[in-house]
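Asks:
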Amino acid sequence: MSPVYFDHNSTTALKKEVLEAMLPFMASQHGNATSRHSFGRTARAAVEHAREQVAAAVGAYATQIVFTASGTEANNFAVHGICSNLLPAQILTSAIEHPCVSRPASALASSNRGYKAHSIKVDTDCNINMAHLQKLLQAPTNLVSVMLANNETGAIQDIAKVAEMAREHKAYVHTDAVQALGKIPVDFFALNVHAMTISSHKIGGPLGAGALVLDKRIDIQPLLHGGGQEKGLRSGTENVAAIVGFGAACELAVSHLTAFDMHTENLRKHLETGLGKLNAVIFGQNDLRIPNTSFFAFPNLDGETLVTALDKVGFAVASGSACSSDSDKPSHVLLAMGVEEDLARGAIRVSFGMSNTLEQVHHFLTALEKELNRLRNLTAIAA
Amino acid sequence: MSDREPIYLDYSATTPVDPRVAAKMIPFLTEHYGNPASRSHPFGWTAEKAVENAREEVAKLVGADPREIVWTSGATESNNLAIKGAANFYANTKGKHIITIATEHKAVIDPIRDLERQGFEATFIEPEPDGLVDLAKFKAAIRPDTVLASVMLVNNEIGVIQDIEAIGKICRENNIIFHVDAAQATGKVKIDLETLPVDLMSFSAHKTYGPKGIGALFVRRKPRIRIEAQMHGGGHERGMRSGTLATHQIVGMGEAFRIAREEMATENERIRMLRDRLLIGLQDIEETYVNGDLEHRVPHNLNISFNYVEGESLIMAIKDIAVSSGSACTSASLEPSYVLRALGRSDELAHSSIRFSIGRFTTEADVDYTIELLKNKVSKLRELSPLWDMFKDGIDISKVQWAAH
Chain A
1 MSPVYFDHNS TTALKKEVLE AMLPFMASQH GNATSRHSFG RTARAAVEHA
51 REQVAAAVGA YATQIVFTAS GTEANNFAVH GICSNLLPAQ ILTSAIEHPC
101 VSRPASALAS SNRGYKAHSI KVDTDCNINM AHLQKLLQAP TNLVSVMLAN
151 NETGAIQDIA KVAEMAREHK AYVHTDAVQA LGKIPVDFFA LNVHAMTISS
201 HKIGGPLGAG ALVLDKRIDI QPLLHGGGQE KGLRSGTENV AAIVGFGAAC
251 ELAVSHLTAF DMHTENLRKH LETGLGKLNA VIFGQNDLRI PNTSFFAFPN
301 LDGETLVTAL DKVGFAVASG SACSSDSDKP SHVLLAMGVE EDLARGAIRV
351 SFGMSNTLEQ VHHFLTALEK ELNRLRNLTA IAA
Chain B
384 MSDREPIYLD YSATTPVDPR VAAKMIPFLT EHYGNPASRS HPFGWTAEKA
434 VENAREEVAK LVGADPREIV WTSGATESNN LAIKGAANFY ANTKGKHIIT
484 IATEHKAVID PIRDLERQGF EATFIEPEPD GLVDLAKFKA AIRPDTVLAS
534 VMLVNNEIGV IQDIEAIGKI CRENNIIFHV DAAQATGKVK IDLETLPVDL
584 MSFSAHKTYG PKGIGALFVR RKPRIRIEAQ MHGGGHERGM RSGTLATHQI
634 VGMGEAFRIA REEMATENER IRMLRDRLLI GLQDIEETYV NGDLEHRVPH
684 NLNISFNYVE GESLIMAIKD IAVSSGSACT SASLEPSYVL RALGRSDELA
734 HSSIRFSIGR FTTEADVDYT IELLKNKVSK LRELSPLWDM FKDGIDISKV
784 QWAAH
């Protein structure tokens with residue numbers, strides 16, 4: 001039996017239609033989009049078509065899309081680029097941000113240029129503590145960055161509200177919408193932010209493409225200097241095939257949104273009913289979440305051991321996020337929510353995609369129960 | 384002839400992906416789609432293994448240790464990371480002066496300009512008329528506070544090869560970090576980092592029949608070179624460069640560099656033959672000037688100025704071949720090439736220059752067609768040119784006093 005993939009928030013399979021859109025640009029249509037001959041013009045037209053598709057998926061204008069190589073790059077570009085051209089003040093990022101938002105902020109803070117980085121608290125349900133944000137905003141602020149949907153718990157934040165508060169204090173607002181796109185409607189104008197990050201490989205597009213959706217009235221400093229591509233905002237030869245794939249994936253993600261939500265929410269409902277019977281603690285369960293994600297733990301059980309055991313019986317799940325799965329530190333998201341370190345250490349994330357089935361969920365629950373009993377017996381023997 | 388597919392002679396702008404490379408990449412777009420940073424399941428392990436195999440292939444082509452290879456999104460990012468990363472890391476201990484060459488790619492010049500805005504100083508050495516750097520001039524540019532030097536191995540417009548070994552030695556003697564942009568060099572010149580005194584070297588996949596959107600930076604371990612990360616996040620690539628690794632692109636770069644290693648000797652012979660055939664054919668045309676030294680030059684490149692022909696009209700007239708005037712990255716502007724001007728070429732000659740770059744899929748018939756096309760179109764354009772008439776009448780145009788209007 002081939003393993004069951006329950007780690008779609010980490011990366012998800014490329015859609016067939018996306019591959020078909022990309023293939024010509026990996027073969028005969030090989031031009032450099034900056035070249036002026038016909039090969040170059042074909043590549044340019046493809047990049048611009050993809051830009052329209054991406055813009056349409058997030059309710060923005062095509063001119064507001066700056067292509068990057070990844071969500072990480074777009075987040076670094078936003079934080080570093082916006083703050084670099086301002087008189088140094090504080091940078092506020094939420095306590096549950098992905099490190100590619102919080103670390104550029106702390107890197108600026110340690111550069112001795114006068115920046116300060118502060119973390120906005122979240123409540124036990126993983127929602128931004130608006131009172132804390134309000135308090136922090138009393139000091140001069142360059143940028144507020146809060147993610148639209150959290151990669152671990154799936155919690156959705158009220159970004160429009162955050163933006164309103166930040167704008168009242170003349171601060172710029174950025175949101176990392178990487179985990180939200182394709183799972184909930186994302187509208188750049190309704191969110192009222194100055195910049196928003198999205199990524200291709202989380203929505204069935206290829207790795208290697210992301211974008212910063214940007215209010216171009218902002219004076220932003222490029223991260224990569226050189227040939228002047230993307231109107232001088234992001235130098236480097238355009239990755240035409242990946243950009244074309246990103247565009248196609250955006251179009252599909254929007255048209256499949258309702259189906260994706262209904263399907264994955266149903267899977268999660270069954271999963272969490274089963275988890276409840278197994279006495280799991282489900283983080284942010286009563287919160288507004290993206291429909292495909294469930295983050296849970298079992299008291300007194302090591303998550304890493306359980307993840308390894310589940311892998312052996314054919315289920316690919318994550319303990320915390322993939323990017324930090326190198327480290328054995330408990331999830332910073334759970335710690336920010338006030339979860340005990342021991343419990344946090346045992347956390348497991350299941351994230352569904354369209355390819356998953358109800359049958360897989362039932363098999364998973366059966367396997368999980370078996371593993372739990374086995375591990376508890378082992379622990380009992382050891383004790 | 385105009386309904387045929389144009390002949391591609393712009394391999395220095397970008398190369399097609401070799402079909403063998405594409406075949407290796409596709410399984411990593413379809414069945415093996417894991418995130419190489421996922422440590423808890425086989426989807427991640429398969430991806431990670433493929434990434435590490437590719438890292439070995441890249442290292443092998445250039446005589447490096449795989450642990451010295453850091454993945455980036457392309458040579459532009461590699462150059463930015465090397466230059467800003469090393470300059471910022473060593474500024475406090477070594478100083479804030481940088482040496483580079485006026486003919487470097489924009490992806491080297493612009494990061495240095497950015498550092499200048501932050502308080503660094505830079506010396507841009509003018510190359511000799513043949514495009515090569517005079518070592519004495521390089522030595523003279525060194526200051527006690529010189530922290531970094533950046534010199535490209537192969538120039539993108541004129542294909543000349545700099546004496547990296549000699550420049551590297553000078554840098555070592557003076558305790559200067561030495562970065563080399565080798566984006567145009569892989570698969571064309573032999574690179575052995577085990578012996579070359581180079582600290583940082585930038586690579587690109589899409590100039591060597593790999594995919595766009597992937598590159599690498601060599602960061603020497605012995606003696607250990609440190610760089611400040613420019614992209615922060617999950618701590619990938621030992622903290623030097625965060626961001627989910629694009630497995631299929633990395634696999635593509637590995638395969639492209641493997642093919643380069645195995646085939647470059649025979650391939651370069653074939654390409655040299657084609658280039659020489661093109662050169663001899665085009666030199667039949669009067670008043671043509673080869674830009675850059677012909678001996679210290681990759682066989683793939685021929686950059687020629689056609690005097691008394693307006694460059695833009697020439698490009699329009701030879702639409703059946705895909706070539707470039709100036710480099711692709713600046714070809715959106717009509718400015719004459721800053722590289723050719725740095726060699727001391729007049730604006731007129733710089734304007735009338737064409738870069739022909741030959742590659743793996745170029746045939747003898749392509750070259751012969753190109754020669755005939757150029758002979759025909761250059762002579763037609765010159766028939767329309769009053770300057771050509773004056774030249775034929777023996778008037779020295781540089782001495783003409785034009786009336787102001």
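Here the protein sequences line up with chains A and B, keeping their order. Take 1 as the starting number for the first sequence in our numbering and just add one per residue. Take 384 as the starting number for the second sequence in our numbering and just add one per residue. Where a beta carbon is used, it is the ideal one built from N, C-alpha and C, also for glycine. These numbers come from a predicted model, not from an experiment.
Is residue 562 of chain B closer than 8 Å to residue 528 of chain B when the C-beta atoms are compared?
Replies: By one-based count along the second sequence, residue 528 of chain B stands at place 145. By one-based count along the second sequence, residue 562 of chain B stands at place 179. Against a cut-off of 8 Å, the Cβ pair of residue 562 of chain B and residue 528 of chain B comes out as no contact.
Asks: Buried or exposed: which applies to residue 46 of chain A, given that a residue is buried once 16 or more other Cβ atoms fall within 10 Å of its Cβ?
Replies: By 1-based counting over the first sequence, the position of residue 46 of chain A is 46. Residue 46 of chain A is buried by the Cβ-count criterion.
Asks: Note down the Cα distance separating residue 119 of chain A from residue 516 of chain B, rounded to an integer number of angstroms.
Replies: By 1-based counting over the first sequence, the position of residue 119 of chain A is 119. By 1-based counting over the second sequence, the position of residue 516 of chain B is 133. In a straight line, the C-alpha of residue 119 of chain A is about 51 Å away from that of residue 516 of chain B.
Asks: Go through its chain and collect everything with a Cβ distance to residue 438 of chain B's Cβ below 6 Å, but skip five positions before and after it.
Replies: In the second sequence, the residue the question calls residue 438 of chain B occupies position 55. Cβ within range, chain order: 449, 452.
Asks: Can you find a C-beta in chain B that's less than 8 Å from the C-beta of residue 323 of chain A?
Replies: Taking the first sequence and counting its residues from 1, the one referred to as residue 323 of chain A is at position 323. Residue confidence is low: residue 323 of chain A scores 46 on pLDDT, short of 50, so the model does not pin down where it sits. Its coordinate-derived value is still stated next. Chain B, which has a Cβ nearer than 8 Å to the Cβ of residue 323 of chain A, makes this yes.
Asks: What residue ranges within the segment 508-536 of chain B form continuous beta strand (DSSP E) runs of no fewer than 3 residues, ordered along the chain?
Replies: 529-533
Asks: May I ask which residues mark the beginning and end of the alpha helix (DSSP H) holding residue 311 of chain A?
Replies: Taking the first residue of the first sequence as 1, we reach residue 311 of chain A at position 311. Where residue 311 of chain A is concerned, the enclosing alpha helix (DSSP H) stretches over 303-312.
Asks: Taking only the alpha-carbon atoms, compute the straight-line gap between residue 706 of chain B and residue 758 of chain B and give it to the nearest angstrom.
Replies: Locating residue 706 of chain B in the second sequence gives position 323, where the first residue counts as 1. Locating residue 758 of chain B in the second sequence gives position 375, where the first residue counts as 1. Their backbone Cα atoms lie some 16 Å apart in a straight line.
Asks: Note down the Cα distance separating residue 388 of chain A from residue 204 of chain A, rounded to an integer number of angstroms.
Replies: There is simply no residue 388 of chain A to check, as chain A begins at 1 and stops at 383 in what is shown.
Asks: Could you tell me the distance, in whole angstroms, from the CA atom of residue 430 of chain B to the CA atom of residue 200 of chain A?
Replies: Translated into the one-based positions of the second sequence, residue 430 of chain B becomes position 47. Translated into the one-based positions of the first sequence, residue 200 of chain A becomes position 200. Residue 430 of chain B and residue 200 of chain A have their C-alpha atoms roughly 18 Å apart.
Asks: My output table needs one value for residue 707 of chain B: the three-state DSSP class, helix, strand or coil.
Replies: To locate residue 707 of chain B, count along the second sequence from 1; it is residue 324. Per DSSP, reduced to three states, the secondary structure at residue 707 of chain B is strand.
Asks: Measure how close the beta-carbons of residue 628 of chain B and residue 454 of chain B come, nearest whole angstrom, since I'm counting them as under 8 Å.
Replies: If you number the second sequence from 1, residue 628 of chain B lands on position 245. If you number the second sequence from 1, residue 454 of chain B lands on position 71. That belief holds up - the Cβ atoms of residue 628 of chain B and residue 454 of chain B are roughly 6 Å apart, short of 8 Å.
Asks: For residue 570 of chain B, count neighbouring C-beta atoms within 10 Å of its own C-beta (all shown protein chains included) and say buried if the count is 16 or more, exposed if not.
Replies: Taking the second sequence and counting its residues from 1, one reaches residue 570 of chain B at position 187. Counting of Cβ neighbours within 10 angstroms places residue 570 of chain B among the buried residues, the total reaching 16 or more.
Asks: Taking 6 Å as the limit between beta carbons, can you name the residues of its chain near residue 323 of chain A, skipping five residues before and five after?
Replies: Taking the first sequence and counting its residues from 1, one reaches residue 323 of chain A at position 323. Only weak support exists for where residue 323 of chain A lies, its pLDDT of 46 falling under 50; the value from the coordinates is given anyway. Answer for residue 323 of chain A: no residue qualifies.
Asks: Does DSSP put residue 584 of chain B in a helix, a strand or coil?
Replies: In the second sequence, counting from the first residue as 1, residue 584 of chain B sits at position 201. Reduced to three states, the DSSP call for residue 584 of chain B is strand.
Asks: Going by DSSP, name the residue or residues bridged to residue 196 of chain A.
Replies: The residue you call residue 196 of chain A lines up with position 196 of the first sequence. Its beta-bridge partners are A/175, A/213.
Asks: Closer than 8 Å, Cβ to any Cβ of chain B: which residues of the segment 217-247 of chain A, in chain order?
Replies: Those residues of the segment 217-247 of chain A that come within reach of chain B (Cβ to Cβ, closer than 8 Å) are 223, 224, 225, 226, 227, 228, 229, 235, 236, 237, 238, 239, 240, 241, 242.
Asks: Taking beta-carbon pairs under 9 Å, can you tell me which members of the segment 476-508 of chain B lie near chain A?
Replies: 488, 489, 490, 491, 492, 493, 494, 495, 496, 497
Asks: Shorter than 8 Å from the beta carbon of residue 207 of chain A to some beta carbon of chain B?
Replies: Locating residue 207 of chain A in the first sequence gives position 207, where the first residue counts as 1. Chain B contact via Cβ: present.
Asks: Please list the terminal residues of the continuous beta strand (DSSP E) segment that includes residue 484 of chain B.
Replies: Here residue 484 of chain B is taken as the residue at index 101 of the second sequence, counted from 1. From DSSP, the beta strand (DSSP E) with residue 484 of chain B extends over 480-484.
Asks: Between residue 29 of chain A and the ligand NAD, is there a pair consisting of the residue's CB and a ligand heavy atom that are separated by less than 7 Å?
Replies: Within the structure as shown, the ligand NAD is missing, as the structure has no ligands at all.
Asks: Return the CA-CA distance between residue 714 of chain B and residue 67 of chain A, expressed in angstroms with no decimal places.
Replies: If you number the second sequence from 1, residue 714 of chain B lands on position 331. If you number the first sequence from 1, residue 67 of chain A lands on position 67. Caution applies to residue 714 of chain B, whose pLDDT of 47 falls short of 50 and renders its modelled position unreliable; the value that the coordinates give is listed next. Spanning the two alpha carbons is a distance of roughly 20 Å.
Asks: Identify which residue in A/89, A/102, A/8 has its Cα closest to the Cα of residue 625 of chain B.
Replies: To locate residue 625 of chain B, count along the second sequence from 1; it is residue 242. Per the Cα distances, A/102.
Asks: Helix, strand or coil for residue 661 of chain B, going by three-state DSSP, please let me know.
Replies: For the purposes of this step, residue 661 of chain B is taken as the residue at position 278 of the second sequence. Reduced to three states, the DSSP call for residue 661 of chain B is helix.
Asks: Establish whether the CB of residue 307 of chain A and some CB of chain B are separated by less than 8 Å.
Replies: Within the first sequence, numbered from 1, the residue matching residue 307 of chain A stands at position 307. For residue 307 of chain A, the answer is yes, since a Cβ of chain B falls inside 8 Å of its Cβ.
Asks: Output the distance between the C-alpha atoms of residue 219 of chain A and residue 85 of chain A, rounded to the nearest integer angstrom.
Replies: What you label residue 219 of chain A is simply residue 219 of the first sequence in a count that begins at 1. What you label residue 85 of chain A is simply residue 85 of the first sequence in a count that begins at 1. Cα-Cα distance, rounded: 7 Å.
Asks: May I have the straight-line CA-CA distance separating residue 222 of chain A from residue 81 of chain A, to the nearest angstrom?
Replies: Residue numbering aside, residue 222 of chain A sits at position 222 when the first sequence is read from its first letter. Residue numbering aside, residue 81 of chain A sits at position 81 when the first sequence is read from its first letter. Roughly 6 Å separates the two Cα atoms.
Asks: Closest by CA to residue 212 of chain A, which one among A/13, A/182, A/177?
Replies: The sequence position of residue 212 of chain A within the first sequence is 212, counting from 1. Proximity to residue 212 of chain A across A/13, A/182, A/177 peaks at A/177, based on C-alpha coordinates.
Asks: Which first and last residues belong to the alpha helix (DSSP H) in which residue 162 of chain A is found?
Replies: The residue you call residue 162 of chain A lines up with position 162 of the first sequence. DSSP places residue 162 of chain A inside the alpha helix (DSSP H), whose first and last residues are 159-168.
Asks: Measuring alpha carbon to alpha carbon, tell me which residue in A/290, A/284, A/240, A/88 is nearest residue 261 of chain A.
Replies: Reading the first sequence from its first residue, position 261 is the one you call residue 261 of chain A. The candidate whose alpha carbon is nearest that of residue 261 of chain A is A/290.
Asks: Run through the DSSP bridge pairs and tell me what residue 640 of chain B is partnered with.
Replies: One-based indexing of the second sequence puts residue 640 of chain B at position 257. Bridge partners of residue 640 of chain B: none, in fact.
Asks: Pairs of beta-carbons, one from the segment 584-592 of chain B and one from the segment 605-622 of chain B, closer than 8 Å: are there three or more?
Replies: no
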